[in-house]
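Residue numbers (UniProt numbering), protein chains in the order written: chain A, 1 to 204; chain B, 1 to 204.
Here a beta-carbon is modelled for each residue, glycine too, at the ideal position from N, C-alpha and C.
These numbers come from a predicted model, not from an experiment.
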DNA sequence: GTCTATACTGGGATAGAC
DNA sequence: GTCTATCCCAGTATAGAC
């Protein structure tokens, strides 16, 4: 299942917004702006202008600015959990599964939905306590996918370090690519980058 | 040379502030607050209150709020470059040097100066273009230390992946520990964590 | 569902006394 | 070097018309 199909089925199930709906467009622009300037430095006027409405009109769709941030995060996790599950479904060995996960997470961060993923990583502190709990619960499902595979590799002896620690290290390493990796600007392809990560773990 | 001695010689050379000077205390409190709530959410009134003065008095020490952020970052890099160099000086092989670098960076992030390091990582976007250039120049010296060692390991065949990519991955992985690793709360010690990172790289 | 107008708040920064 | 007082602006959010 490719990413486009996944997205469509999530929209059909009302789990994420169609990106051409008013809500969808707003969330996409919000993700872009939050990533570019940060949540705090993005004003509701910026958000409104980006979708071509007045700032007052925003509050017809969301009660507060923070609710927009939360929505960006929730939809991002939902979408990416589905993408991850699909990416893994083809793989048979744990080695292949890990490669699929790494590749999919790099795609999530540096591809089209990357802006939203970056927001999830870097704007955590701007989320209220109440919202955090909600987002964390969704994130657990996502993390379980990784831990299963890493635990498998540990048992096989392919991995020397603790699966839990490795996952956290990979979270940091992969998220951080958003600050330096430019897929467009020649050099390293996303597949090449995946190879490098696998090589770094001594699993190639 | 231990961290305390390094700090004292840097203070003597006027490269960083003594932490009991007015400026030093302010920077320390600023680092703590910036890390805790983020730069944008920290008000000048918060900063002033933390050092026990009125908000107006802040501007006797720094012309703008952003100048405080820049000062936190500049002093952090200066201090940590010195710490890194000292940590490496004892090591002989490249393997030992890398372990020393990893250990020192983990200490920088999760130890006493950790708040300032975290600010350096997470508040980059809040820095103006002009200030960024200045900070980046300092950072280059620091990064060169890492690249030399990683290149050496690559030549020895101990490292499979590209040194440049590995350094960036490690930057992300090690910085990220600030979000989850709690040295105090039992379990994994900082040495143990270093072991895990080395094991993950297949270098143990 | 969007507009205009505006209320209200809190933030960064300044001035001048002490 | 700190205080008090205050300016000015930008930011979120609301109200009511269309």
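Rounded C-alpha distance that separates residue i from residue j
i                      : j                      : result
residue 123 of chain B : residue 66 of chain B  : 11 angstroms
residue 8 of chain B   : residue 186 of chain A : 46 angstroms
residue 138 of chain B : residue 132 of chain B : 10 angstroms
residue 112 of chain B : residue 38 of chain A  : 27 angstroms
residue 10 of chain B  : residue 4 of chain A   : 56 angstroms
residue 154 of chain B : residue 163 of chain B : 7 angstroms
residue 119 of chain A : residue 174 of chain B : 20 angstroms
residue 55 of chain A  : residue 17 of chain B  : 45 angstroms
residue 21 of chain A  : residue 48 of chain A  : 15 angstroms
residue 110 of chain A : residue 126 of chain B : 22 angstroms
residue 63 of chain B  : residue 160 of chain B : 48 angstroms
residue 87 of chain B  : residue 80 of chain A  : 41 angstroms
residue 176 of chain B : residue 14 of chain A  : 33 angstroms
residue 25 of chain B  : residue 82 of chain B  : 21 angstroms
residue 44 of chain B  : residue 32 of chain A  : 28 angstroms
residue 204 of chain A : residue 114 of chain A : 26 angstroms
residue 94 of chain B  : residue 150 of chain B : 8 angstroms
Within-8 angstroms CB hit, residue i to chain A
i                      : result
residue 154 of chain B : no
residue 122 of chain B : yes
residue 8 of chain B   : no
residue 15 of chain B  : no
residue 158 of chain B : no
residue 171 of chain B : yes
residue 37 of chain B  : yes
residue 128 of chain B : no
residue 175 of chain B : yes
Exposure of residue i, with buried meaning 16 or more beta-carbon neighbours within 10 Å
i                      : result
residue 2 of chain B   : exposed
residue 102 of chain B : buried
residue 172 of chain A : buried
residue 129 of chain B : exposed
residue 105 of chain B : buried
residue 90 of chain A  : exposed
residue 108 of chain B : buried
residue 140 of chain A : exposed
Interface flag, residue i vs chain B, CB-CB below 8 angstroms
i                      : result
residue 180 of chain A : yes
residue 125 of chain A : yes
residue 190 of chain A : no
Heavy atom of the ligand HEM within 7 angstroms of residue i beta-carbon
i                      : result
residue 203 of chain B : Looking at this structure, you won't find the ligand HEM or any other ligand, since it has none at all.
In the stretch 55–84 of chain A, which residue ranges form an unbroken alpha helix (DSSP H) of at least 4 residues, counting only runs that do not cross its ends? 55–61
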